[in-house]
Each structure stands twice: as structure tokens, then as C-alpha cells.
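Below is one structure, written out as C-alpha cells; the observations come after it.
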Amino acid sequence: MPAPLEPQATVTAATVKTQDHHLILQAQIRLELPLPEHDAELPGRLEAGIEHGGQVLKRRLFQQAVEQADAELILARRHGRDGRGITCRGTTPYTFKTVFGTVRVRRRRIEHRADGTTEVPAAHAWQTPRQVALTPGLRHAACDGLLRDSARQ
Numbered sequence: 017m018p019a020p021l022e023p024q025a026t027v028t029a030a031t032v033k034t035q036d037h038h039l040i041l042q043a044q045i046r047l048e049l050p051l052p053e054h055d056a057e058l059p060g061r062l063e064a065g066i067e068h069g070g071q072v073l074k075r076r077l078f079q080q081a082v083e084q085a086d087a088e089l090i091l092a093r094r095h096g097r098d099g100r101g102i103t104c105r106g107t108t109p110y111t112f113k114t115v116f117g118t119v120r121v122r123r124r125r126i127e128h129r130a131d132g133t134t135e136v137p138a139a140h141a142w143q144t145p146r147q148v149a150l151t152p153g154l155r156h157a158a159c160d161g162l163l164r165d166s167a168r169q
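The numbering of the sequence shown is the numbering used here, which starts it at 17 and goes up by one.
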């Protein structure tokens, strides 16, 4: 098999669960990158390849954590309005912009048996915008960058 030209990271989420009010994420990563020439650029190329793999891992862990939190929210609200229960109506995609890249998640949509209305409980509970959410970490990083740049000028 020929060596990849670009770093390739494969992340397999093995375990995502909650236990004693803790979220437990366990994943396995396989990182494949071209072996650089033994020259002055070797440390930098290895660093860039490993950084890429780390970012892929972070995005996958974030996705798994958000989807687990969504599942826990649905479970907590399974009684629905007037205690008549809910019906799951699939998932809807949602995008988060984070400091480690764009993460697309699936959030569950439910229908209340009491009145037939549908909703995405996570959208209300987490107060996210309609289409894309910027995480606080990304906002802080962007603001810090703007402050740093304006201070230099």
C-alpha cells in the first residue's frame, strides 16, 4: 500500500457513557502520515501531522459528547407534555464552530403525544441559534486575536 501524501487520521469511538454525573469518552486513533526525509524539516512535518490527528480526535470527541448529552436530555424528557410521552422523529443535523474546527452533530427531534407538536429539545435547552453555533472557546480565541492585533497597531 503506498504511503499517504497527507496525514490521515481515523478515530473510532469505543465508549461514550455517563456514570456518577461524569461523561466518559473513550476513543482510539490511528494516524498515518508520510515519513519525511531526514532533514531540517522533519520535526516540523511530524508536528503538523500529529497536530492534524489531534484536531480530528478533538472534533470526534466533541461530536460524541454532544450527541450523548442530547440522548440524556431526551431520556430526561421522555414523559412529554401532560405526562403523555413522546415519539422520536429522527435526527436533524446541526453545526458547531469550535476552536478545533467545524463539528456536525445529529440532534434528536421529538413529537409530543399530548398535542402533536414537534421540537428539538437540545435547541431550547442549550439556547443555540437556528443553523450554526459558535462555541465560547472560539469566540474567546477570536476576540483575543482581535485584541492582540489591534494592540500591535
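Beta carbons: idealized from backbone N, C-alpha and C, even for Gly. A quick note: this is a predicted structure, and the numbers were derived from the prediction, not measured.
Q | Endpoints, the beta strand (DSSP E) within which R124 is located | A | Here the question's residue 124 lines up with position 108 in the sequence shown. Where R124 is concerned, the enclosing beta strand (DSSP E) stretches over G117 to H128.
(Q) Within the continuous alpha helix (DSSP H) that includes E67, where are the two ends? (A) For this step, residue 67 is matched to residue 51 along the sequence shown. Start and end: L58 to A92.
Q | Segment limits, alpha helix (DSSP H) that includes H140 | A | Position 124 of the sequence shown, counted from the first residue, corresponds to residue 140. For H140, the enclosing alpha helix (DSSP H) begins and ends at P137 to A141.
**Q.** Endpoints, beta strand (DSSP E) assigned at H38
**A.** Counting from one through the sequence shown, the residue named residue 38 turns up at place 22. H38: member of the beta strand (DSSP E) spanning H38 to E48, first to last residue.
Q. Does the separation of the CB atoms of I90 and R129 fall below 8 Å?
A. Translated into the one-based positions of the sequence shown, residue 90 becomes position 74. Translated into the one-based positions of the sequence shown, residue 129 becomes position 113. Cβ distance not < 8 Å, so I90 and R129 don't count as in contact.
Q: Please report the residue range of the beta strand (DSSP E) in which P109 lies.
A: Walking along the sequence shown from the start, residue 109 turns up at place 93. Membership of P109 in the beta strand (DSSP E) is indicated by the continuous run I102 to T114.
Q: Please name the residue, chosen from A158, P145, T134 and I40, that lies closest to A81 on a Cα-to-Cα basis.
A: Position 65 of the sequence shown, counted from the start, is the residue given in the question as residue 81. Closest in alpha carbon position to A81, among A158, P145, T134 and I40, is I40.
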